[in-house]
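Respectively, the protein sequence lines represent chains A and B.
Going by this note's numbering, the first residue of the first sequence is number 346, and it counts up by one from there.
Going by this note's numbering, the first residue of the second sequence is number 346, and it counts up by one from there.
We treat Cβ as the ideally placed atom computed from N, Cα and C, and that holds for glycine.
Quick caveat, the model's predicted, so the values are computed rather than measured.
Protein chains: 2
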Amino acid sequence: MPRPITATIHLSALKHNYAIAKKFSGSAKVWAVVKANAYGHGLAPALRAFADADGLALVEVDGAVKIRESGWQKPLMLLEGFFHASDLALVQQHRIDVAVHCHEQIDLLEQAHLTPPVEAGHRINVHLKVNSGMNRLGFKPAEITRAYQRLVAMQSIHVVDLMMHFANADDEFNPVLPVAEQIRRFNEAHRLLGNTLETSLANSAATLLNRAVKNDWVRAGIMLYGGSPSRAAAADFGLLPGMTLASELIAIQSLEAGESIGYGSRFIATRAMRIGVVACGYADGYPRHAMDGTPVLVNGVRTRMVGRVSMDMITVDVTDIADAKVGSAVTLWGRGLPVDDVAQASDTIGYELMCAIAQRVQIIVDE
Amino acid sequence: MPRPITATIHLSALKHNYAIAKKFSGSAKVWAVVKANAYGHGLAPALRAFADADGLALVEVDGAVKIRESGWQKPLMLLEGFFHASDLALVQQHRIDVAVHCHEQIDLLEQAHLTPPVEAGHRINVHLKVNSGMNRLGFKPAEITRAYQRLVAMQSIHVVDLMMHFANADDEFNPVLPVAEQIRRFNEAHRLLGNTLETSLANSAATLLNRAVKNDWVRAGIMLYGGSPSRAAAADFGLLPGMTLASELIAIQSLEAGESIGYGSRFIATRAMRIGVVACGYADGYPRHAMDGTPVLVNGVRTRMVGRVSMDMITVDVTDIADAKVGSAVTLWGRGLPVDDVAQASDTIGYELMCAIAQRVQIIVDE
Numbered sequence: 346m347p348r349p350i351t352a353t354i355h356l357s358a359l360k361h362n363y364a365i366a367k368k369f370s371g372s373a374k375v376w377a378v379v380k381a382n383a384y385g386h387g388l389a390p391a392l393r394a395f396a397d398a399d400g401l402a403l404v405e406v407d408g409a410v411k412i413r414e415s416g417w418q419k420p421l422m423l424l425e426g427f428f429h430a431s432d433l434a435l436v437q438q439h440r441i442d443v444a445v446h447c448h449e450q451i452d453l454l455e456q457a458h459l460t461p462p463v464e465a466g467h468r469i470n471v472h473l474k475v476n477s478g479m480n481r482l483g484f485k486p487a488e489i490t491r492a493y494q495r496l497v498a499m500q501s502i503h504v505v506d507l508m509m510h511f512a513n514a515d516d517e518f519n520p521v522l523p524v525a526e527q528i529r530r531f532n533e534a535h536r537l538l539g540n541t542l543e544t545s546l547a548n549s550a551a552t553l554l555n556r557a558v559k560n561d562w563v564r565a566g567i568m569l570y571g572g573s574p575s576r577a578a579a580a581d582f583g584l585l586p587g588m589t590l591a592s593e594l595i596a597i598q599s600l601e602a603g604e605s606i607g608y609g610s611r612f613i614a615t616r617a618m619r620i621g622v623v624a625c626g627y628a629d630g631y632p633r634h635a636m637d638g639t640p641v642l643v644n645g646v647r648t649r650m651v652g653r654v655s656m657d658m659i660t661v662d663v664t665d666i667a668d669a670k671v672g673s674a675v676t677l678w679g680r681g682l683p684v685d686d687v688a689q690a691s692d693t694i695g696y697e698l699m700c701a702i703a704q705r706v707q708i709i710v711d712e
Numbered sequence: 346m347p348r349p350i351t352a353t354i355h356l357s358a359l360k361h362n363y364a365i366a367k368k369f370s371g372s373a374k375v376w377a378v379v380k381a382n383a384y385g386h387g388l389a390p391a392l393r394a395f396a397d398a399d400g401l402a403l404v405e406v407d408g409a410v411k412i413r414e415s416g417w418q419k420p421l422m423l424l425e426g427f428f429h430a431s432d433l434a435l436v437q438q439h440r441i442d443v444a445v446h447c448h449e450q451i452d453l454l455e456q457a458h459l460t461p462p463v464e465a466g467h468r469i470n471v472h473l474k475v476n477s478g479m480n481r482l483g484f485k486p487a488e489i490t491r492a493y494q495r496l497v498a499m500q501s502i503h504v505v506d507l508m509m510h511f512a513n514a515d516d517e518f519n520p521v522l523p524v525a526e527q528i529r530r531f532n533e534a535h536r537l538l539g540n541t542l543e544t545s546l547a548n549s550a551a552t553l554l555n556r557a558v559k560n561d562w563v564r565a566g567i568m569l570y571g572g573s574p575s576r577a578a579a580a581d582f583g584l585l586p587g588m589t590l591a592s593e594l595i596a597i598q599s600l601e602a603g604e605s606i607g608y609g610s611r612f613i614a615t616r617a618m619r620i621g622v623v624a625c626g627y628a629d630g631y632p633r634h635a636m637d638g639t640p641v642l643v644n645g646v647r648t649r650m651v652g653r654v655s656m657d658m659i660t661v662d663v664t665d666i667a668d669a670k671v672g673s674a675v676t677l678w679g680r681g682l683p684v685d686d687v688a689q690a691s692d693t694i695g696y697e698l699m700c701a702i703a704q705r706v707q708i709i710v711d712e
């Protein structure tokens, strides 16, 4: 048997969360974002759970091809577009929509001399990216007209919509770059192109928190997996955990007051304690930054991690959990313990924890 | 093509590092530790690089079986032993040595009523673990005699050696638990069993830093992969990077002073700047804790990461790298940029970074 650590993927929860995304999106269509191996949940389970999605979006070209080959017929988009000229044949063959965010990508499109399509539906669908202040990908409003004109000059290209990404959707009135300022810049770009294109602005945070944001396509990511995009609890939005990371106690140590645990002797027992050793470490994807006190469930009882996270183990306080023994069930996050609670105690976000699930963690699909 | 991010595994460097481990180990034999997918380097490349190792050690039962099936004939050890009764058949069939660290494991061995071996060489080799203060796995000296007696009462078991693990090998005079105190406790256990068993004390840190530690088997981990187990540079020990994580710029943004980058608008340009966007994010295994200033190479020139790490991208300062453009080569760590430098800027250790390499990162074996 593999080590006793498993990630159970709850298909019903993923389906439920997609329904929540639809509800919060009003009349907008929803891209289910499945990049990064569906945020660690696995592409295959995600495809089953999001069968009703209006479209699927990701950043991996090879992943997109796999999705088409699995029979997905609805829209499919590469959120960063293509990376190399050699991607274009795949994009055309598999009818994969692409974001276009820089002139270098348009150069590649022009140089490819793509066969003009026989039918309009076979053109490459382009989602033109506006840099409205994130300063990561996209054209600033002042550059958008030239980018657009270069694209529409090619018969093989169809510009579907204008897309942007929020830097601070979880912090609407951010003093450096408030949500309203990004919308203002985006609207300027939209206006420069005649206000006719469809639009896609909102990620999970904007969908859940900035209800005034209007767009035709929402890009739902973290919320589908039951993580919160803000300090609010995921449950407050009705979201359910998509993944439960679980393991077992593989040893128990009895400590006297003054004894220390693990590397660096970071934690020192303040009284006689029973310590459970869990088969889960940072090489499984558990965050090494987790501080003493990070919550964990043993036999369903909430307790705390103590001592530094090792590569293959963590140590937890089971002093007051009388029935804790070798083989006892441990929940690292998921049902009964929000991933965001663990993330907060590790100075990071649930997104990182889910994506970090290592290959050696056995995936179990909960039908 | 996949996204332009690759982890190149330098077989010659791994071989070289093993030779360094041997040199530092004197007459001791060396276990090459290949747990956690060989610290992210892949089991298959590691097996080729460590063909000369005296033994291989890991924690994954399924990995150990794979190693035997690949033809490995020399010693092979599970550092945490077996986890379930069902592992024992595999352990016996594939001649896998096991650590035994708790009475519950001995219970399983007794309950299994293993067939007494036809020849002495077919007994299960047990490495008895002493808890000398790490308080993670193992028997305290006061418990060691009983554990040993239970084991040797079984004809199917051969106790090979006593093993322990240092909590503070990188901090020899740690006030809570100095190296000498752990050695003292270990020696007590060894003496209680008659001073006849072989011993295994040293990990990479103890091997490189605590030259007074004597043992028959060294367990070399991080050093084999070119990471340092302490604040000293890996190069100071003659170690070479085993992995180079590389990617490309996929976009360039021009910022004016006062403009911000990325989520939370954490970084604000203090002057007109050129920013390169790299196809590498925390879902590739890059640490989300990386601070502004974390080193990165663009076209071989050392510069700094700025702005928060995204799931699929980081942003770097290319203001003074005139030839930086879309497609420019980026080194995240490895040759030319020690992984430990990146780890330090992310408040973690190189071990975590290597192990975190995600499945979506393409592995290239450098022969």
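Where residue i and residue j are concerned, what is the direct C-alpha to C-alpha distance, given to the nearest angstrom?
i: B:M346; j: B:G426; result: 41 Å
i: A:A551; j: A:M568; result: 11 Å
i: A:I528; j: B:S599; result: 20 Å
i: B:A394; j: B:S357; result: 7 Å
i: B:A514; j: B:C700; result: 21 Å
i: A:G603; j: B:H458; result: 40 Å
i: B:A391; j: B:A381; result: 11 Å
i: B:A547; j: A:L453; result: 55 Å
i: A:S691; j: B:T544; result: 37 Å
i: A:G645; j: B:A389; result: 39 Å
i: A:G587; j: B:T353; result: 33 Å
i: B:G607; j: A:P349; result: 38 Å
i: B:A525; j: B:I666; result: 50 Å
i: A:V651; j: B:H446; result: 20 Å
i: B:I709; j: B:T351; result: 7 Å
i: A:P683; j: B:S501; result: 46 Å
i: B:S470; j: B:V504; result: The question names Ser, yet the displayed sequence has Asn at residue 470 of chain B. Rounded to whole angstroms, B:N470 to B:V504 spans 6 Å at the Cα level.
i: A:A596; j: B:F428; result: 10 Å
i: B:W562; j: B:A624; result: 42 Å
i: B:L401; j: B:A377; result: 5 Å
i: A:V671; j: A:Q707; result: 20 Å
i: A:K360; j: A:N476; result: 32 Å
Exposed or buried, which one is residue i when buried takes at least 16 other CB atoms within 10 Å?
i: B:P461; result: exposed
i: A:N362; result: buried
i: B:T676; result: buried
i: A:G566; result: buried
i: A:E697; result: buried
i: A:N540; result: exposed
i: A:H634; result: buried
i: A:G483; result: buried
i: B:K419; result: exposed
Skipping 5 residues on each side, what residues in its chain have a beta carbon closer than 6 Å to that of residue i?
i: A:V663; result: R619, G621, V643, A669
i: B:M479; result: H510, A512
i: B:S573; result: A579, D685
Secondary structure at residue i, three-state DSSP: helix, strand or coil?
i: B:T552; result: helix
i: B:G408; result: helix
i: B:Q598; result: strand
i: B:R619; result: strand
i: A:Q418; result: coil
i: A:R536; result: helix
i: B:V706; result: coil
i: A:M499; result: coil
i: A:T490; result: helix
i: B:F369; result: helix
i: A:G609; result: helix
i: B:N470; result: strand
i: B:R647; result: strand
i: A:A669; result: coil
i: A:K360; result: helix
Give a yes or no on whether the minimum CB-CB distance between residue i and chain D is below 8 Å.
i: A:C447; result: Of the chains in the structure shown, none is chain D; the protein chains are A and B.
Here's a check: name, in chain order, each residue in its chain whose Cβ is nearer than 8 Å to the Cβ of residue i, leaving out the five neighbours to either side.
i: A:R649; result: D637, G638, T639, P640, V641, V661, D662
Check your understanding: Touch check for the stretch 403-423 of chain B and the stretch 584-592 of chain B: three-plus C-beta pairs under 8 Å?
Key -> no
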